[in-house]
Amino acid sequence: MAGVGLKLREMSSSDTLWSFITSHLYAVILSSTAWVISMVILLVIYFYAASLYGATTISVRFLVAVAYLISSSLTLSAVFQNAVNRFISDQVYKKKIERILPNFMAALLYLIVPATILGYFASSLLLADQPLMIKFLMAGSFVLLNIIWVFTNILAGLKNYYFILFSFLSCYLLIFILFIYLYPYELIGLLASFYIGHALMLILLFLFLISNYPSRHLFRWEIRKFMKANRALIFGGLFFYLGIWIDKYCFWIYPGTSKQTLGLLNASPIYDMPVFLSFILMIPALSMFFYEMETNFSTLYHRYYESILQGGTLNEINNKYASLQRVTRTTLLNTMKVQTIVAVTALFLAPQILKLFHLAPAYVFIFRIDIIGTSLLVLFIGQINLMYYLGYSVDVFHLTLFFFISNLLFSLFSIYLGPVYYGYGFALSVFICNLIAFVQLIHIFNGLTRNAFMQW
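Mapping the sequence shown onto our numbering, position 204 (from 1) lands on 205, and the numbers just tick up by one.
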């Protein structure tokens with residue numbers, strides 16, 4: 002992430018309002034993970050279509066199909082996301098650039114085979130009553146999204162961020178245009194717009210990778226050995242996304258909270274829209290965390306470890322350790338200050354927000370609970386990212402495993418208790434995970450210098 006930090010520091014170097022705005026806007030774009038950006042844009046498309054044509058069955062079925070595509074593809078590709086990202090970062094650090102493309106292609110090969118089999122099997126089983134073209138578009142989009150999630154997770158190691166932003170915006174603009182023109186063709190037309198837009202995005206990203214990281218080899222297999230040696234990265238990513246989505250699947254599967262919408266795919270009218278809208282409210286705080294990490298924390302982190310590697314005195318090491326502790330506290334506090342402002346504003350304006358999106362006032366209670374839950378999720382994401390940064394991927398794996406199990410159990414229990422408790426399972430799970438993560442971070446920092454010396 003050094004390139005990101007340098008760019009942010011460069012943009013914020015002049016003490017002007019414009020530099021402040023541009024640097025934080027840049028952080029917003031880079032910190033908003035691909036699936037958040039995708040959900041935001043697709044929600045915009047959905048509500049725009051609803052304003053033109055009304056909340057038709059076609060639009061609702063399209064949004065449900067996309068929700069299943071995003072959730073399932075994120076979960077499968079999570080097996081590769083963190084490991085590939087870490088491997089490529091290591092190759093950049095070692096200046097072994099020629100290994101990036103062939104190992105990335107090998108990782109994609111490992112991903113594409115199960116994604117293709119699973120995609121077409123699931124489409125045939127879950128969409129048995131749908132036309133063949135819908136099955137094909139769903140399966141094809143599933144494979145495309147799996148590849149794109151892995152791609153976007155390694156973009157931090159690439160240098161031309163404006164090209165990446167251009168790819169996303171141009172492709173989603175194409176999806177938007179095709180959505181409007183293909184709407185008369187109903188669900189097939191909407192899914193075709195989704196598929197074509199992402200296919201173009203994948204082509205652009207591939208061309209960018211090939212042009213910036215050329216290699217004489219098409220495949221290399223060091224990535225397989227790396228993944229075997231770093232299983233915590235694999236399972237940490239997997240259980241994080243399982244934890245993120247498991248409460249939604251509970252509401253989609255349980256008969257009392259779901260409605261059959263597309264084939265055997267269910268939606269939960271009472272739960273889906275409030276939780277998706279609350280995800281959007283995470284973006285400002287995530288950008289603040291990203292900005293603080295890459296402009297302040299990153300600098301002091303490297304100074305601290307350089308003082309150890311270069312034989313600094315104990316006093317110098319302790320001073321830099323104290324600075325690292327302070328900037329960690331500041332990073333988390335500033336992140337939560339931003340999220341608190343956003344959350345309190347949204348809690349107060351919840352009825353107006355729902356009215357703006359043409360949602361019934363009955364959603365207000367669940368929406369407010371989801372706002373609290375996603376606000377806690379911001380802090381949890383911040384804490385596990387700090388652990389990843391410090392090299393404690395095993396701790397993250399244990400945390401995300403607990404997150405998945407607790408969210409599953411608490412969400413099922415909230416469904417059992419009734420509508421008044423919907424959303425509490427997710428919020429309670431993230432709250433407990435934050436407490437555990439906070440204790441773990443204290444323990445990590447208490448032994449940071451000792452462990453650093455033991456490693457080196």
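C-beta atoms are modelled at their ideal positions from N, C-alpha and C, and glycine is treated no differently.
Note that the structure is a prediction, hence the values are computed from the model and not measured.
| Asked | Found |
| --- | --- |
| Residues of its chain near residue 283, where Cβ-Cβ distance is below 6 Å and the 5 sequence neighbours each way are ignored | 375 and 379 |
| Closest residue to residue 219 among 103, 285, 183 and 269 (Cα-Cα distance) | 103 |
| Rounded C-alpha distance that separates residue 131 from residue 190 | 14 Å |
| CB contact flag (residue 368, residue 278, <8 Å) | yes |
| Beta-carbon separation (whole angstroms), residue 332 vs residue 290, contact threshold 8 Å | 6 Å |
| Beta-carbon proximity check, residue 82 vs residue 150, cutoff 8 Å | yes |
| Close-in-space but distant-in-sequence residues of the same chain around residue 243 (CB under 7 Å, 5 per side omitted) | 76 and 405 |
| Stretch-stretch touch, CB-based, cutoff 8 Å, three pairs: the stretch 286-303 with the stretch 325-343 | yes |
| Neighbourhood of residue 211 by C-beta, 8 Å cutoff - its chain only, sequence neighbours within 5 removed | 102 |
| 6 Å CB neighbourhood of residue 339 in its chain, flanking five on each side removed | 285, 286 and 289 |
| Close beta carbons around residue 124, own chain, < 7 Å, minus the five adjacent residues each side | 136, 139 and 140 |
| Cut-off 7 Å between Cβ atoms - residues of its own chain near residue 465, not counting five sequence neighbours on either side | This structure gives no information on residue 465, because the portion of the chain shown stretches from 2 to 457. |
| Test item: CB-CB of residue 251 and residue 71 under 8 Å | no |
| First and last residue of the uninterrupted beta strand (DSSP E) at residue 336 | Where residue 336 is concerned, there is no enclosing beta strand (DSSP E), although the alpha helix (DSSP H) it sits in stretches over 315-349. |
| Residue 267 (DSSP reduced to helix, strand or coil) | strand |
| Beta-carbon contacts of residue 377 that lie in its chain and below 7 Å, excluding the five residues immediately before and after | 428, 431, 432 and 435 |
| Buried versus exposed, by CB contacts within 10 Å (16 or more), residue 118 | exposed |
| Under 8 Å between C-beta atoms of residue 60 and residue 47 | yes |
| Buried or exposed (CB count within 10 angstroms, at least 16 for buried), residue 314 | exposed |
| Simplified DSSP assignment, three categories, for residue 6 | Bear in mind that a pLDDT of 49 at residue 6, under 50, signals an unreliable position, so the model cannot answer this. |
| Range covered by the alpha helix (DSSP H) that runs through residue 369 | 365-391 |
| Counted within 10 angstroms of its Cβ, other Cβ atoms place residue 182 as buried (16 or more) or exposed | exposed |
| Whole-angstrom distance between residue 254 and residue 89, CA atom to CA atom | 38 Å |
| Exposure label - residue 185; buried when at least 16 CB within 10 Å | exposed |
| Inter-residue CB distance, residue 426 and residue 248 (contact presumed, cutoff 8 Å) | 6 Å |
| DSSP three-state assignment for residue 260, whether helix, strand or coil | strand |
| Contacting residues, own chain, Cβ-Cβ under 7 Å from residue 351 (five flanking each side not counted) | 365, 368 and 369 |
| Secondary structure of residue 358, DSSP reduced to three states | coil |
| Assigned secondary structure, residue 283 (DSSP; H/G/I helix, E/B strand, else coil) | coil |
| Spatial neighbours of residue 112 in its chain, beta-carbon cut-off 8 Å, leaving aside the 5 residues before and after | 77, 78, 80, 81, 147, 148 and 151 |
| Cβ-Cβ distance between residue 325 and residue 302 below 8 Å | yes |
| Cα-Cα separation between residue 264 and residue 66, rounded to whole angstroms | 10 Å |
| Extent of the continuous alpha helix (DSSP H) to which residue 82 belongs | 58-94 |
| Selected residue, minimal CA-CA separation from residue 1, among 153, 447 and 229 | It is not possible to answer for residue 1, since the shown part of the chain is limited to 2 through 457. |
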